[in-house]
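J.:
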Amino acid sequence: MTTGIRVHTGAGLLAHTDALRSVYVDAFCAPPWNEDEKRGAEFASRLPVNVERAGFTAATAVRDGVVVGFATAWTTPAPFPTGRCYPQAAAGLGPTRTADWLCGALEIDELAVRAAARGTGLAGDLLEAVTAYAPDGRAWLLTSVRNARAVAFYRRRGWTQATHPSPDGEGVVVFLGPRHPARSLAPRPL
Numbered sequence: 001m002t003t004g005i006r007v008h009t010g011a012g013l014l015a016h017t018d019a020l021r022s023v024y025v026d027a028f029c030a031p032p033w034n035e036d037e038k039r040g041a042e043f044a045s046r047l048p049v050n051v052e053r054a055g056f057t058a059a060t061a062v063r064d065g066v067v068v069g070f071a072t073a074w075t076t077p078a079p080f081p082t083g084r085c086y087p088q089a090a091a092g093l094g095p096t097r098t099a100d101w102l103c104g105a106l107e108i109d110e111l112a113v114r115a116a117a118r119g120t121g122l123a124g125d126l127l128e129a130v131t132a133y134a135p136d137g138r139a140w141l142l143t144s145v146r147n148a149r150a151v152a153f154y155r156r157r158g159w160t161q162a163t164h165p166s167p168d169g170e171g172v173v174v175f176l177g178p179r180h181p182a183r184s185l186a187p188r189p190l
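If you want it as structure tokens, here you go:
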């Protein structure tokens with residue numbers, strides 16, 4: 001079995017929409033995410049808009065002709081967005097750090113690997129491929145604290161947790177990439 005990683009920077013990725021949707025469903029319909037097929041369709045419907053975002057980059061992993069994983073990213077605009085989970089990220093960092101650390105940086109939107117391909121290093125390879133050309137090493141992502149496995153994975157890969165969850169342990173956390181210049185400025189956990 002051979003696995004190849006390919007980087008995409010535009011609308012050519014759309015030729016793989018059905019395969020990406022299938023990987024998304026395989027990765028996120030299981031615990032702890034527990035999403036449904038509808039969310040996979042929503043992901044696929046966002047792709048044509050996402051590939052047009054400034055700095056869009058994706059990486060796909062293909063094993064024996066089948067897509068088994070992918071990552072997508074783009075440059076976070078300024079002013080900082082206000083939809084989705086962005087307000088939680090901004091609240092955790094404050095307005096100055098949000099603008100300085102995240103705007104203009106490469107934002108990892110999705111990282112998904114089929115269950116059968118987990119534990120092979122593939123997620124790390126995809127993350128590295130999609131962030132290889134992050135501007136000045138500035139890459140970031142957010143993830144849910146309810147997925148301890150994802151949080152541990154990012155830490156093992158050298159990502160620095162820059163925000164911390166609410167006292168009830170809910171919400172999202174921001175991670176700064178291993179080459180992000182603000183990593184040393186991130187508050188340490190209590």
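Quick note: the sequence shown, position 154, residue 154 per full-length UniProt numbering, numbers continuous.
Where a beta carbon is used, it is the ideal one built from N, C-alpha and C, also for glycine.
Assuming Thr39 is part of the beta strand (DSSP E), what are its boundary residues?
T.: Residue 39 is actually Arg in this sequence, not Thr. No beta strand (DSSP E) contains Arg39, which is instead part of the alpha helix (DSSP H) from 37-50.
J.: Quick one: grab the DSSP three-state call for Trp101.
T.: In the three-state scheme derived from DSSP, where H, G and I count as helix and E and B as strand, Trp101 is classed as helix.
J.: Taking the DSSP output, what are the residues bridged to Trp74?
T.: Glu107
J.: Would you mind stating whether Thr72 and Val7 have Cβ atoms separated by less than 9 Å?
T.: no
J.: Comparing alpha-carbon positions, which option in Gly92, Ala61, Ala105, Thr60 lies nearest Pro79?
T.: Ala105
J.: Starting from Leu93, follow the alpha helix (DSSP H) in both directions and report where the run begins and ends.
T.: For Leu93, the enclosing alpha helix (DSSP H) covers residues 86-93.
J.: Of the choices Glu35, Trp74, Arg63, whose alpha-carbon is the least far from that of Ala116?
T.: Arg63
J.: Could you check if Leu185 is buried or exposed, using at least 16 other CB atoms within 10 Å of its CB as the buried criterion?
T.: exposed
J.: Could you compute how far the alpha carbon of Gln161 sits from the alpha carbon of Phe175?
T.: One C-alpha to the other measures close to 4 Å.
J.: Go to Leu185, then tell me how far its beta strand (DSSP E) extends in each direction, as first and last residue.
T.: Segment: none, Leu185 is in no beta strand (DSSP E) and carries neither H nor E.
J.: Since Leu13 is in the alpha helix (DSSP H), which residue starts that stretch and which ends it?
T.: First-last for Leu13: undefined, no H or E at that position.
J.: Is the beta carbon of Arg46 within less than 8 Å of some heavy atom of the ligand GDP?
T.: In the structure on display, the ligand GDP does not appear, and there are no ligands present to speak of.
J.: Can you give me the Cβ contacts of Pro165 inside the same chain, cut-off strictly under 7 Å, excluding the 5 residues immediately before and after it?
T.: Val145, Gly171, Val173
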